[in-house]
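In this note's numbering, the protein residues as written are 240 to 852.
Backbone N, C-alpha and C fix where the C-beta goes; we use that ideal spot for every residue, glycine too.
Scroll down for the structure; my scribbles are underneath it.
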RNA sequence: GCGCCCGUAGCUCAAUUGGACAGAGCAUCGGUCUUCGGAACCGAGGGUUGCAGGUUCGAGUCCUGCCGGGCGCGCCA
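In structure tokens:
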């Protein structure tokens with residue numbers, strides 16, 4: 240029997256539809272859903288209305304025909320037809336315990352799943368999936384701009400793996416090109432000792448290098464126009480000349496780097512190492528699944544860019560335009576430029592090389608980019624270019640799926656993208672440490688008896704969990720407002736609320752007497768027990784839908800609903816004080832199942848669970 | 001100018017991919033219970049889903065046109 244009643248019922252309905260109307264209807268979606276309102280039963284099928292149109296028949300008659308051919312006796316009471324043709328289903332009393340046992344069985348061994356050794360949950364097809372996430376830039380601190388890509392990408396990796404996919408995270412580092420060469424040139428000119436350089440100073444150097452190389456021609460021209468005086472004009476002339484010279488120097492440095500000159504390469508490796516070391520600290524703080532082995536930066540593709548452009552030209556997909564090589568995109572005014580008129584490559588070129596590598600060499604059937612909204616047009620064009628040249632073709636036939644998971648901005652209270660008061664990017668590390676600090680203060684206040692080391696663990700779990708949950712629980716495409724008091728709240732749809740619900744359930748488990756039978760029969764009698772049971776059974780379907788839609792907020796909403804169902808059950812149904820041992824043991828088993836699913840789900844969100852808090 | 005995204009309760013967000021009466025939390029007001037962790041549970045008020053049309057058995061969801069906000073628009077990434 241399937242673990243997911245929706246799955247099970249859907250199969251039965253497809254059979255019924257085929258039996259009633261013929262094999263050509265085998266592909267119709269039976270539209271089996273959990274009922275939204277208990278008065279309509281536990282599940283429903285909405286297939287009859289759509290089918291009626293296709294058949295040119297009365298929808299209620301169609302519904303009746305489906306019901307007549309459906310074999311549901313083992314799981315459901317007699318179906319009822321309502322409204323325009325809804326088919327309402329009520330589970331048989333003995334079906335729930337069976338389904339719960341199956342669900343419990345599939346959870347065994349899931350505690351230690353990793354993305355490396357994914358455990359198959361469903362019988363669905365397993366794919367190899369590449370997830371592009373984080374996107375670190377060398378010589379720069381990680382800042383709020385990296386937050387969403389990191390935690391959304393991390394969650395998607397975990398969820399995809401948990402439903403049986405083989406997941407390969409890819410951190411597409413910004414580690415190559417003129418910007419990096421500018422930094423190297425600047426550091427060398429200033430004779431900076433790279434062995435004593437930390438990321439703070441490196442980032443300063445990055446800023447300085449950018450400014451040093453920027454010639455302010457408009458300022459010079461306006462100084463001349465208004466006749467600002469020989470002294471001012473000379474100053475601006477010097478600025479422009481100096482900047483141009485430094486830019487030339489950076490370009491020469493880039494060439495030397497590309498040619499593999501050892502001193503330059505050593506400097507490049509050094510600044511990469513300095514940057515990444517700081518990043519790994521943040522990964523650690525965030526409990527991300529990505530590690531150094533998932534680094535595949537722009538530098539990795541450098542030898543592949545030329546061939547990419549060559550093949551685009553040779554195949555006729557790309558053409559020359561104003562000296563540049565471009566791919567025309569239907570319905571788009573501006574083409575995708577893959578080589579500049581000066582012969583240089585662009586990030587589009589690197590993206591094309593990366594997608595090709597991921598599909599043809601890593602064997603991805605699905606490539607997912609977790610990158611913000613603003614790059615929509617870019618990815619649409621890049622994906623279209625890949626399809627035109629056919630690099631998404633899979634060996635076994637068919638095409639790889641290319642998806643851009645676009646997310647909105649993190650905003651401050653003013654509704655504008657979050658910045659410091661002075662208008663700079665907020666460093667991710669500072670943000671996360673503040674979250675832990677604030678969580679610590681709240682925990683100390685709410686539970687002063689907690690011993691100090693445990694308090695620290697709790698502060699970290701709650702602080703980081705709150706930031707993650709706030710980010711993941713709302714629809715990805717929308718901007719969201721970053722507000723400490725809301726996301727650190729212990730009531731409502733927050734990480735801390737769910738963590739606390741978990742703690743409450745754990746405390747039942749700890750207090751359970753020794754004679755409790757772990758395999759006691761599930762007894763589902765009270766309405767609160769039934770709605771909890773139904774909520775538990777929705778878990779596999781929820782994960783499947785997140786894996787398909789790539790929308791983590793569905794998992795958050797699910798866990799919140801589950802926690803709510805448990806709370807109601809817990810207030811209405813005595814567990815340890817149940818009237819009989821059989822009932823007590825059944826309720827303990829139900830609690831333990833809830834606890835495990837809550838932990839599993841929070842784990843997939845990358846949120847830690849606690850024994851106490 | 002062109003293109004993309006968003007607009008839902010006072011505030012912050014959902015709505016099972018077109019399904020039944022648009023749901024939660026916060027805030028406000030009221031209630032439960034001699035707390036298996038009360039960091040709980042139950043209830044009330046609060047909505048012309050930005051506006052106007054259209055498609056259909058059925059629209060917050062799809063189509064068209066407006067209004068408002070955000071973002072992006074050849075040789076940066």
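query: Residue range of the unbroken beta strand (DSSP E) whose run includes residue 566; result: 563–566
query: Alpha-carbon spacing of residue 701 relative to residue 525, whole angstroms; result: 12 Å
query: DSSP-derived helix/strand/coil call for residue 761; result: coil
query: Beta-carbon proximity check, residue 675 vs residue 698, cutoff 8 Å; result: yes
query: Beta-carbon separation (whole angstroms), residue 841 vs residue 782, contact threshold 8 Å; result: About 13 Å separates the two Cβ atoms, so there is no contact after all.
query: Where residue 747 sits in the DSSP three-state scheme; result: helix
query: For residue 452, three-class secondary structure by DSSP; result: coil
query: Inside the stretch 242–301 only - alpha helix (DSSP H) runs reaching at least 4 residues; result: 244–260, 286–294
query: Neighbourhood of residue 356 by C-beta distance below 6 Å, restricted to the same chain and skipping five residues each side; result: Bear in mind that a pLDDT of 44 at residue 356, under 50, signals an unreliable position, so the model cannot answer this.
query: Contacts around residue 489, its chain only, beta-carbon distance under 7 Å, and the 5 residues preceding and following it disregarded; result: 417, 420, 421, 424, 452
query: Length of the line joining the Cα atoms of residue 285 and residue 848; result: 38 Å
query: Nearest-angstrom Cα separation, counted from residue 507 out to residue 444; result: 14 Å
query: Pair within 8 Å by beta-carbon distance, residue 794 and residue 836; result: no
query: CB contact flag (residue 478, residue 455, <8 Å); result: yes
query: Backbone CA spacing between residue 839 and residue 436 [nearest angstrom]; result: 42 Å
query: Buried versus exposed call for residue 361 [16 or more other C-beta atoms within 10 Å across all chains shown]; result: With a pLDDT of 47 at residue 361, under the threshold of 50, the modelled position of this residue cannot be trusted, and the question is left open.
query: Contact belief for residue 528 with residue 687 at Cβ below 8 Å, rounded distance in angstroms; result: Actually they are not in contact, since the Cβ atoms of residue 528 and residue 687 sit about 35 Å apart, beyond 8 Å.
query: Helix, strand or coil at residue 609 according to DSSP, with G and I counted as helix; result: strand
query: Rounded distance between the beta-carbons of residue 678 and residue 639, thought under 8 Å; result: So it is not a contact: roughly 41 Å between Cβ atoms.
query: Continuous alpha helix (DSSP H) stretch holding residue 471: start and end; result: 469–497
query: 6 Å CB neighbourhood of residue 319 in its chain, flanking five on each side removed; result: 327
query: Three-state secondary structure assigned by DSSP to residue 783; result: helix
query: Contacts around residue 671, its chain only, beta-carbon distance under 8 Å, and the 5 residues preceding and following it disregarded; result: 521, 524, 525, 702, 703, 706
query: Span of the beta strand (DSSP E) around residue 576; result: 575–578
query: CA-to-CA distance, residue 307 to residue 287, given in whole angstroms; result: 13 Å
query: Endpoints, beta strand (DSSP E) assigned at residue 319; result: 319–321
query: Whether residue 824 touches residue 772 by CB criterion (8 Å); result: no
query: Bridge-paired residues (DSSP) for residue 382; result: 666
query: Own chain residues within Cβ distance below 7 Å of residue 518, not counting five before or after; result: 375, 381
query: Length-filtered (4 minimum) alpha helix (DSSP H) runs lying within the stretch 705–731; result: 723–726
query: Of the listed residues 263, 251, 341, 273, nearest to residue 305 (C-alpha basis); result: 251
query: Boundaries (first-last residue) of the beta strand (DSSP E) holding residue 328; result: 325–328
query: Cα-Cα separation between residue 584 and residue 413, rounded to whole angstroms; result: 14 Å
query: Distance between residue 829 and residue 761 (C-alpha atoms, nearest Å); result: 7 Å
query: Selection from 274, 731, 280, 246 that minimises the alpha carbon distance to residue 268; result: 246
query: Option nearest residue 486 by Cα separation, candidates 331, 340, 450; result: 450
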